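Reading through the structure tokens given below for one structure.
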Amino acid sequence: MTTRRPPAIDDESLVAALRLAAGKDPVPAHVLSASRAAFGLRVPGASTAIPVSTPAPAGVRSAEGARLLRFSAAGLVVELEIVPVDGLVDLAGQVSPLPETGTTVEVRTPHLTASRELSATGQFAVTGLPPGWFSVVCRRPGHSPVVTSWTRIRP
Numbered sequence: 355m356t357t358r359r360p361p362a363i364d365d366e367s368l369v370a371a372l373r374l375a376a377g378k379d380p381v382p383a384h385v386l387s388a389s390r391a392a393f394g395l396r397v398p399g400a401s402t403a404i405p406v407s408t409p410a411p412a413g414v415r416s417a418e419g420a421r422l423l424r425f426s427a428a429g430l431v432v433e434l435e436i437v438p439v440d441g442l443v444d445l446a447g448q449v450s451p452l453p454e455t456g457t458t459v460e461v462r463t464p465h466l467t468a469s470r471e472l473s474a475t476g477q478f479a480v481t482g483l484p485p486g487w488f489s490v491v492c493r494r495p496g497h498s499p500v501v502t503s504w505t506r507i508r509p
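Using the working numbering, the letters of the sequence shown correspond one by one to residues 355 to 509.
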């Protein structure tokens, strides 16, 4: 049995790593700002809904147009349909099982949040979203929030 040795590190890489570890190379201001903004988007105590594969609906022949996503966590399923419209994005969704009265969703981007109360059938919609990253938070009375993982949407 042959033991492999790690690849040699050149002097310049070693010195750069030591400087970084010693705190000699400051983190750029834009990186700190982006990190703080991302940290501010967390939802303490929330369960993260992970993507679940969704089969293509019967009769759909084109990959263009609407995009379907499904997320699941804590006994809750969030289904989303994303439709590009004139460079922006419309999002329609449904939460199941049927939610209690007072259940709300927040569709979040790094720059805005749109809140909606769910219909009696668990449906909601947000139109005119900018393309980019989004996440959905579902808040049910008496339950911890459920947050979808961040997903990138394009027009």
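Note that beta-carbon positions come from the ideal geometry of N, C-alpha and C, so glycine has one too. These figures come from a predicted structure and were not determined experimentally.
Pro464 is the residue among Leu483, Pro464, Trp487, Cys492 whose C-alpha sits nearest the C-alpha of Phe393. Each residue's CA atom was taken as its position, placing Pro382 and Leu368 some 21 Å apart. Straight-line spacing of the CA atoms in Ser389 and Gln477 works out to 33 Å. By the Cβ neighbour-count rule, Ile404 is exposed, with fewer than 16 other Cβ atoms within 10 Å of its own.
In the structure shown, Val397 falls within a coil segment according to DSSP collapsed to helix, strand and coil.
The three-state reading of DSSP puts Ser450 in strand, counting E and B together.
Scanning the region 439-498 from its first residue to its last, the whole beta strand (DSSP E) runs of 3-plus residues come out as 442-450, 458-462, 467-471, 477-483, 486-493. Rounded to whole angstroms, the Cβ separation of Val439 and Gly447 is 16 Å, and the two are not in contact under 8 Å. The C-beta of Ser450 has fewer than 16 other C-beta atoms within 10 Å across all chains shown, which makes the residue exposed. Rounded to whole angstroms, the separation of the alpha carbons of Leu395 and Leu386 is 15 Å.
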